[in-house]
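So the sequences go chain by chain: A and B. Residues in the first sequence are numbered consecutively from 7, following this note's numbering. Residues in the second sequence are numbered consecutively from 504, following this note's numbering. We put the beta carbon where it would ideally sit given N, CA and C, even for glycine.
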Amino acid sequence: MRRWADWLAPTLVGLLVLGGWEAAVRLLEVPAYQVPGPAAIARALAEDWPLFRSSMLVTLRIALLALLLAVTLGGLLAVIFAQSRWVERAFFPYAVVLQVTPVVAIAPLILIWVDDVTLSLLICAWIVAFFPILSNTVLGLNSADRNHVELFRLYGATRWQTLWLLRLPGALPFFLAGLRVAGGLALIGAVVAEFVAGAGGTGSGLAFRILEAGYQLKIPRMFAALALISALGIAIFAVLGLVQHLLLRRWHESAMRPEG
Amino acid sequence: MTLVALDGVGKRFASGTEALRGIDLKIEAGEFLSLLGPSGCGKSTLLRLIAGLAEPSSGRIARAASRQVGFVFQEATLLPWSDAITNVRLPLRLAGVARAEQEARAAEALAQVGLGGFERAYPRELSGGMRMRVSIARALVTRPSLLLMDEPFAALDELTRHRLNDDLLALWAGSGVTVVFVTHSVFESVYLSSRILVMAARPGRVAAEVRLDEPAPRPEGFRTSAGYAALCRRATEALEGAMRA
Numbered sequence: 007m008r009r010w011a012d013w014l015a016p017t018l019v020g021l022l023v024l025g026g027w028e029a030a031v032r033l034l035e036v037p038a039y040q041v042p043g044p045a046a047i048a049r050a051l052a053e054d055w056p057l058f059r060s061s062m063l064v065t066l067r068i069a070l071l072a073l074l075l076a077v078t079l080g081g082l083l084a085v086i087f088a089q090s091r092w093v094e095r096a097f098f099p100y101a102v103v104l105q106v107t108p109v110v111a112i113a114p115l116i117l118i119w120v121d122d123v124t125l126s127l128l129i130c131a132w133i134v135a136f137f138p139i140l141s142n143t144v145l146g147l148n149s150a151d152r153n154h155v156e157l158f159r160l161y162g163a164t165r166w167q168t169l170w171l172l173r174l175p176g177a178l179p180f181f182l183a184g185l186r187v188a189g190g191l192a193l194i195g196a197v198v199a200e201f202v203a204g205a206g207g208t209g210s211g212l213a214f215r216i217l218e219a220g221y222q223l224k225i226p227r228m229f230a231a232l233a234l235i236s237a238l239g240i241a242i243f244a245v246l247g248l249v250q251h252l253l254l255r256r257w258h259e260s261a262m263r264p265e266g
Numbered sequence: 504m505t506l507v508a509l510d511g512v513g514k515r516f517a518s519g520t521e522a523l524r525g526i527d528l529k530i531e532a533g534e535f536l537s538l539l540g541p542s543g544c545g546k547s548t549l550l551r552l553i554a555g556l557a558e559p560s561s562g563r564i565a566r567a568a569s570r571q572v573g574f575v576f577q578e579a580t581l582l583p584w585s586d587a588i589t590n591v592r593l594p595l596r597l598a599g600v601a602r603a604e605q606e607a608r609a610a611e612a613l614a615q616v617g618l619g620g621f622e623r624a625y626p627r628e629l630s631g632g633m634r635m636r637v638s639i640a641r642a643l644v645t646r647p648s649l650l651l652m653d654e655p656f657a658a659l660d661e662l663t664r665h666r667l668n669d670d671l672l673a674l675w676a677g678s679g680v681t682v683v684f685v686t687h688s689v690f691e692s693v694y695l696s697s698r699i700l701v702m703a704a705r706p707g708r709v710a711a712e713v714r715l716d717e718p719a720p721r722p723e724g725f726r727t728s729a730g731y732a733a734l735c736r737r738a739t740e741a742l743e744g745a746m747r748a
């Protein structure tokens with residue numbers, strides 16, 4: 007019953023908002039080039055579906071590849087940082103610098119330096135996505151319970167055993183929380199980089215569709231591309247949430263259903 | 504035979520706090536030794552020194568070469584992501600014992616603490632008492648000659664604690680393992696021990712020694728017997744004397 011309510015309530019709100027929007031646009035006779043109604047947006051989407059679909063796949067591919075890179079490089083760096091406080095102290099500030107510098111500002115440089123546009127988009131998306139994974143995983147690796155660490159020491163565990171059997175599993179919930187944030191950020195990074203690349207880019211991602219439709223004043227198409235970006239973000243978030251639940255449900259409080 | 508001998512051992516933390524001073528102590532094979540004292544008297548620190556988890560700042564600790572140590576913490580300290588049997592076989596895994604032997608010995612240790620059939624249960628699916636049993640099974644799985652326990656039952660309810668006390672005594676009597684048991688409960692220390700060291704605080708030191716020669720396992724009704732009450736009075740007086748000193 008409760009699971010139904012989880013779906014029903016937001017769906018109802020969504021339908022109400024869309025209905026109200028459509029009604030307002032029609033009653034007030036707002037022209038579609040100012041604010042299109044949901045019906046006009048859906049029509050624009052349906053008319054050019056093959057184009058939108060391929061654009062969506064381009065953006066999705068960049069975002070997922072960036073996420074994959076962020077997981078491997080962020081995770082690897084976190085493990086290296088966790089090996090020594092000295093390494094962490096020396097290098098973490100630079101990870102922060104990379105994080106706090108707006109990707110919009112770095113993207114033009116990367117586009118100049120890197121010949122391949124896809125690769126430069128990937129790098130931009132990776133820069134945004136990797137930090138939450140790095141910082142969360144470092145935190146997780148350093149959060150091992152003191153008694154657990156002593157237990158491992160008492161039984162003569164090697165550094166590798168302590169990492170593999172204690173620190174890594176303990177860091178998993180932290181890593182997964184970072185992963186969920188990074189999933190959304192990878193998409194944002196990909197879209198921002200596409201905007202910067204603009205007409206000079208490969209010209210096929212969703213952000214390019216928005217730019218293109220804007221130049222042509224095809225406002226419903228702008229909204230259609232925007233809706234697809236949101237849908238992608240929601241899908242990535244949901245899938246990562248499912249992964250998180252499946253990996254943690256047996257033992258971590260965050261994945262438990264409240265009882266009673 | 505003496506398993507561990509401490510000679511004038513002191514411990515001062517980096518903060519300057521003197522946790523222990525002048526501890527002389529011989530742990531004899533087969534005894535059940537309790538360290539009894541108020542909070543902050545350094546009894547846990549002493550246990551960690553005996554375990555080798557910390558180094559003394561002064562004095563000497565001599566250990567028998569054949570000694571294999573098991574340690575039970577105040578909390579169960581189980582790995583939440585591993586089921587009961589994986590938790591129990593951890594020490595064997597760390598020692599590089601073959602997988603099949605790990606499984607067999609862990610299952611045996613779980614049965615020994617009365618948890619046969621719970622091999623695949625995760626810690627959060629077990630009660631506090633059962634978790635502590637898993638923790639004890641993990642300490643026993645290496646077949647230690649010396650079992651160190653740091654207030655293991657302090658967080659449990661009275662009935663569970665009584666049952667675990669009885670089971671622990673049966674394990675001790677059955678296996679010949681030497682136990683060093685830290686507690687702040689007079690009743691628990693008297694019920695379990697063959698010898699009690701009463702400790703005083705600031706700095707932590709041994710203030711008195713009480714020897715008990717009641718047979719283990721305790722007979723039915725021992726908890727309410729006059730003999731138990733008399734022993735508890737002796738231990739209480741020693742503890743009060745230590746706290747005045």
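For residue i and chain B, any beta-carbon pair shorter than 9 Å?
i: residue 158(A); result: yes
i: residue 146(A); result: no
i: residue 163(A); result: yes
i: residue 256(A); result: yes
i: residue 252(A); result: no
i: residue 54(A); result: no
i: residue 153(A); result: yes
i: residue 167(A); result: yes
i: residue 185(A); result: no
i: residue 267(A); result: This structure cannot speak to residue 267(A), because chain A is shown only from 7 to 266.
i: residue 175(A); result: yes
i: residue 200(A); result: no
i: residue 178(A); result: yes
Once DSSP output is grouped into helix, strand and coil, what is the label at residue i?
i: residue 761(B); result: Because chain B spans 504 through 748 in this model, residue 761(B) falls outside it and cannot be assessed.
i: residue 265(A); result: Below a pLDDT of 50, predicted positions are generally treated as unreliable, and residue 265(A), at 49, falls in that range; the measurement from the model is reported next regardless. The answer is coil: DSSP assigns residue 265(A) none of H, G, I, E or B.
i: residue 12(A); result: helix
i: residue 578(B); result: coil
i: residue 635(B); result: helix
i: residue 518(B); result: coil
i: residue 231(A); result: helix
i: residue 107(A); result: coil
i: residue 224(A); result: coil
i: residue 120(A); result: coil
i: residue 149(A); result: coil
i: residue 204(A); result: helix
i: residue 727(B); result: helix
i: residue 623(B); result: coil
i: residue 67(A); result: helix
i: residue 504(B); result: coil
i: residue 659(B); result: coil
i: residue 260(A); result: helix
i: residue 163(A); result: coil
i: residue 537(B); result: strand
i: residue 239(A); result: helix
i: residue 743(B); result: helix
i: residue 34(A); result: coil
i: residue 545(B); result: coil
i: residue 596(B); result: helix
Determine, for residue i, whether the minimum Cβ-Cβ distance to residues of chain A falls below 9 Å.
i: residue 552(B); result: no
i: residue 531(B); result: no
i: residue 585(B); result: yes
i: residue 535(B); result: no
i: residue 580(B); result: yes
i: residue 681(B); result: no
i: residue 645(B); result: yes
i: residue 576(B); result: yes
i: residue 743(B); result: no
Validate contact between the segment 509-527 of chain B and the segment 690-697 of chain B using beta carbons, cut 8 Å, 3 pairs: Between the segment 509-527 of chain B and the segment 690-697 of chain B, the count of Cβ pairs shorter than 8 Å is below three; the stretches do not touch.
For the segment 555-574 of chain B, which residues have a CB atom closer than 8 Å to at least one CB atom of chain A, in sequence order? Under the 8 Å Cβ criterion, the segment 555-574 of chain B contributes 555, 556, 572 and 574.
Closer than 9 Å, Cβ to Cβ, to anything on chain A: give me those residues from the segment 606-633 of chain B, in chain order. Correct list: 625, 626, 627 and 628.
At 4 residues or longer, what runs of the alpha helix (DSSP H) sit wholly inside the segment 668-722 of chain B? Taking only runs of at least 4 residues, the alpha helix (DSSP H) segments lying wholly in the segment 668-722 of chain B are 689-695.
Check whether the segment 222-236 of chain A and the segment 542-555 of chain B are in contact - that is, three or more C-beta pairs closer than 8 Å. Taking 8 Å as the limit for Cβ pairs, the verdict is that the segment 542-555 of chain B does not touch the segment 222-236 of chain A.
Selection of the segment 97-115 of chain A by Cβ proximity to chain B, strictly under 8 Å: Of all residues in the segment 97-115 of chain A, none has a Cβ within less than 8 Å of some Cβ in chain B.
Decide if the segment 635-643 of chain B is in contact with the segment 604-615 of chain B; the criterion is three or more beta carbon pairs, one per stretch, under 8 Å apart. Put simply, the segment 635-643 of chain B touches the segment 604-615 of chain B. At least three CB pairs are less than 8 Å apart.
Is the segment 186-194 of chain A close to the segment 44-61 of chain A, with three or more CB pairs under 8 Å? Because the criterion of three Cβ pairs below 8 Å is not met, the segment 186-194 of chain A and the segment 44-61 of chain A do not touch.
Check whether the segment 40-56 of chain A and the segment 223-238 of chain A are in contact - that is, three or more C-beta pairs closer than 8 Å. Flag = yes, the segment 40-56 of chain A and the segment 223-238 of chain A touch.
Are three or more beta carbon pairs between the segment 555-575 of chain B and the segment 660-676 of chain B nearer than 8 Å? No contact exists between the segment 555-575 of chain B and the segment 660-676 of chain B.
Chain A contacts made by the segment 590-601 of chain B, where a contact means CB separation under 8 Å: Within the segment 590-601 of chain B, the qualifying residues are 593, 594, 596, 597 and 598.
Residues in the segment 37-64 of chain A with C-beta within 8 Å of chain B's C-beta atoms, listed in sequence order? Closer than 8 Å at the C-beta level to chain B, one finds no residue of the segment 37-64 of chain A.
The segment 699-715 of chain B touching the segment 574-581 of chain B, judged by at least three CB pairs closer than 8 Å: Output reads no: the segment 574-581 of chain B does not touch the segment 699-715 of chain B.
Determine, using beta-carbon pairs with one atom in the segment 537-550 of chain B and one in the segment 701-712 of chain B, whether at least three such pairs fall under 8 Å. Output reads yes: the segment 701-712 of chain B touches the segment 537-550 of chain B.
Measuring CB atoms only, is the segment 578-596 of chain B touching the segment 620-632 of chain B, in the sense that at least three cross pairs come out at less than 8 Å? Judged by pairs of C-beta atoms under 8 Å, the segment 578-596 of chain B touches the segment 620-632 of chain B, as three or more such pairs exist.
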